[in-house]
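Numbering (this note's numbering), first residue to last: 18 to 347.
Think of the CB as a built atom: it goes at the ideal place given N, C-alpha and C, for glycine as much as any other residue.
Remember, predicted model here, so these are calculated numbers, not experimental data.
The next block holds one structure in the form of structure tokens; read it before the comments.
Rendered as structure tokens:
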């Protein structure tokens, strides 16, 4: 290995470590992370079985086992409501501890009102390397933190401070190849959802949603067709307080389908992608999604990929907006 390559490897590993320490800046449902990747949004979020880039740490931790190169991914989304935004930074380090390791930080919220942050480390392992089994497994460990920056510090509710941290059970993900170009995926997130309320009396309320994802993807050299079912057990957000006579805990189910097609540009070492997707669910959930991507080999060392997505959600409470994300791979 040359001195330059050694320095580059060391630098990328150092970036990964720093991600655990960097405070970035948080919207909506607790620890919402559907906008971490413009690529996945372009396919209506049907990404659990695709999961072949660094952003898969938020969809299926087993997905990073497919990554054999260093990757750095970033996303920043501004919403058409106040100063709410989502910011994500993640890196993947292959061939570490016999598998692949990813580090990520995600923040969303309003800087002067409310912030959420996820610090996450993910490990993915491909069982085919040693056991000749077409199966990958993945797990991620998360530290979740909430800060009510705009809260009245004299409020008894915040007697112990305006910030709290939580440590949910690991997210478990599986990827299985019944055929070389077909993948099946299963993911369980928040198996035992932690309570994220600041109110001590809310012992049975204000938990994270328990989420289960199941997906199927068919992939060729240029085209991907994918489908996913996401089921969430919705936690009640109201406790045993005056005028609360009944609390109903229900389930949300969404069916998502997506397509991605890459077109190679022969004159330069680059490709463009077109994407589309559809999501339908109960409670009137619905969206039409489109997206595009551009991938350029800057040199024999680096690849840049820029992705864009837009979703039309008729009943969205915050309107419809654009997403951009960037992926750097070596």
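In the DSSP assignment, residue 89 forms a beta bridge with 108 and 345.
In this structure, DSSP gives residue 144 a state outside helix and strand, which the three-state scheme calls coil. Cβ contact annotation for residue 346 (same chain, cutoff 6 Å, sequence separation greater than five): 86, 88 and 320, in chain order. In the DSSP assignment, residue 58 falls within the unbroken alpha helix (DSSP H) covering 55 to 59.
Counting the other CB atoms within 10 Å of its CB gives residue 285 a total below 16, which places it among the exposed residues.
Closest in alpha carbon position to residue 191, among 209, 169 and 77, is 77.
By the C-beta criterion, the region 140 to 147 is judged not to be in contact with the region 96 to 106, since fewer than 3 inter-stretch pairs fall below 8 Å. In the DSSP assignment, residue 237 falls outside any beta strand (DSSP E) and carries neither an H nor an E. Here the region 120 to 136 makes no contact with the region 145 to 153; the two share fewer than three CB pairs at distances below 8 Å.
Between the alpha carbons of residue 307 and residue 194 lies a gap of roughly 27 Å. In terms of CA proximity to residue 97, 336 leads the group 336, 342 and 79. Within the same chain, 207, 210, 249, 250, 251 and 252 come within 7 Å of residue 226 by CB-CB distance, once the 5 residues on both sides are set aside. For residue 284, there is no enclosing beta strand (DSSP E), as DSSP marks it with neither H nor E. The residue among 339, 325, 301 and 65 with its C-alpha nearest the C-alpha of residue 332 is 301.
Within the region 288 to 347, no run of alpha helix (DSSP H) at least 4 residues long lies entirely inside it. DSSP places residue 84 outside both helix and strand once states are collapsed to three, so it counts as coil. In this chain, the beta strand (DSSP E) harbouring residue 164 covers 152 to 164. Here residue 344 is buried. Its C-beta has 16 or more other C-beta atoms within 10 Å.
Residue 95 is bridged by DSSP to 102. The straight-line gap separating the alpha-carbon atoms of residue 52 and residue 61 is approximately 10 Å. The Cβ atoms of residue 213 and residue 163 sit closer than 8 Å to each other. Within the same chain, 82, 140, 141, 142 and 143 come within 8 Å of residue 116 by CB-CB distance, once the 5 residues on both sides are set aside.
Between residue 276 and residue 298, the beta carbon gap of about 19 Å keeps them out of contact (Cβ cut-off 8 Å). Secondary structure of residue 67 (DSSP, three-state): coil.
Put simply, the backbone Cα of residue 132 is about 35 Å away from that of residue 289.
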